[in-house]
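Right, one structure below, let's go through it.
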Amino acid sequence: MKKRKIGLYFGSFNPIHIGHLIIANHIINFTNLDRIWFVVSPCNPLKKKESLLDEHHRLYMVKLATESNPNFKSSDVEFKLPVPSFTVKTMAYLSEEYTEYEFCLIMGSDNLQSIRKWKNYEVILENYSIYVYPRPNTDVSEWISNPKMHFLDAPLMDISASQIRKLIKDKKSIQYLLPEVVAKHIDDMMFYLK
0 MKKRKIGLYF
10 GSFNPIHIGH
20 LIIANHIINF
30 TNLDRIWFVV
40 SPCNPLKKKE
50 SLLDEHHRLY
60 MVKLATESNP
70 NFKSSDVEFK
80 LPVPSFTVKT
90 MAYLSEEYTE
100 YEFCLIMGSD
110 NLQSIRKWKN
120 YEVILENYSI
130 YVYPRPNTDV
140 SEWISNPKMH
150 FLDAPLMDIS
160 ASQIRKLIKD
170 KKSIQYLLPE
180 VVAKHIDDMM
190 FYLK
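Going by numbering that gives the first Met the number 0, the first residue of the sequence shown is number 0, and it counts up by one from there.
Structure (structure tokens):
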């Protein structure tokens, strides 16, 4: 039996925004992936922690943003694994735990550009297909001929969670940048105001 293909979309999702969702929806529409799991990283070893909202709050927002789409699923798998989270370890764990699925990695071209900084990145390149969506000002031409790479003609989303956090802090409108349920939750909880 053919294994179902699951795309793992890792991120801090601090907060999840329409850019993440548009990219994921594009991938479902135009690739052979069956589902996308949004894997909330409690702590990215390459990112600063001070601006990071608690992982359970971020996971809840991902659930709110994705629950209406049967092709999407939120995942807290990294909450159970040793910190810091390393993609290579999470993917190995999931592949052992869910043998009925074939896992692939979804990443922006900005992450691909810095993949050599990742722990055991060669293991990822050897064992998993990678679906790469475009990000502004990146050059990934060195990877074009790699058979494991699938470069997507996805919309270029120049929206960042850090821009959104700044807008909230500056008491400016974030309308249309986040799903309404997520924006309402952020407002109700008074997140990102400091």
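Yeah, the Cβ is synthetic: ideal placement off N, Cα and C, and Gly gets one too.
These numbers were taken from a predicted model, which means no experiment stands behind them.
Q. Does DSSP classify W117 as helix, strand or coil?
A. coil
Q: Locate the beta strand (DSSP E) running through M148, then write down its first and last residues.
A: 148 to 150
Q. Should M188 go down as buried or exposed, given a rule of 16 or more other Cβ atoms within 10 Å for buried?
A. exposed
Q) Is the CB-CB distance between K118 and F78 below 8 Å? A) no
Q: Mark S40 as exposed unless 16 or more other C-beta atoms lie within 10 angstroms of its C-beta, in which case mark it buried.
A: buried
(Q) Quick check on the DSSP output: what are the complete alpha helix (DSSP H) runs of length 4 or more inside the region 83 to 134, in order along the chain? (A) 86 to 96, 108 to 112, 120 to 126
Q) Three or more C-beta pairs closer than 8 Å, one from the region 162 to 173 and one from the region 144 to 154: is that the case here? A) no
Q: For L63, I'd like the list of residues in its chain whose CB is within less than 8 Å of its CB, leaving aside the five on either flank, ordered along the chain.
A: P178, V180, V181, H184
Q | C-alpha distance - A23 paired with S67, whole-angstrom precision | A | 14 Å
Q: For T89, count neighbouring C-beta atoms within 10 Å of its own C-beta (all shown protein chains included) and say buried if the count is 16 or more, exposed if not.
A: buried
Q.
Checking the sheet assignment: what are the DSSP bridge partners for S73?
A. F37
Q. Between the beta-carbon of I26 and the beta-carbon of L151, is there less than 8 Å?
A. yes
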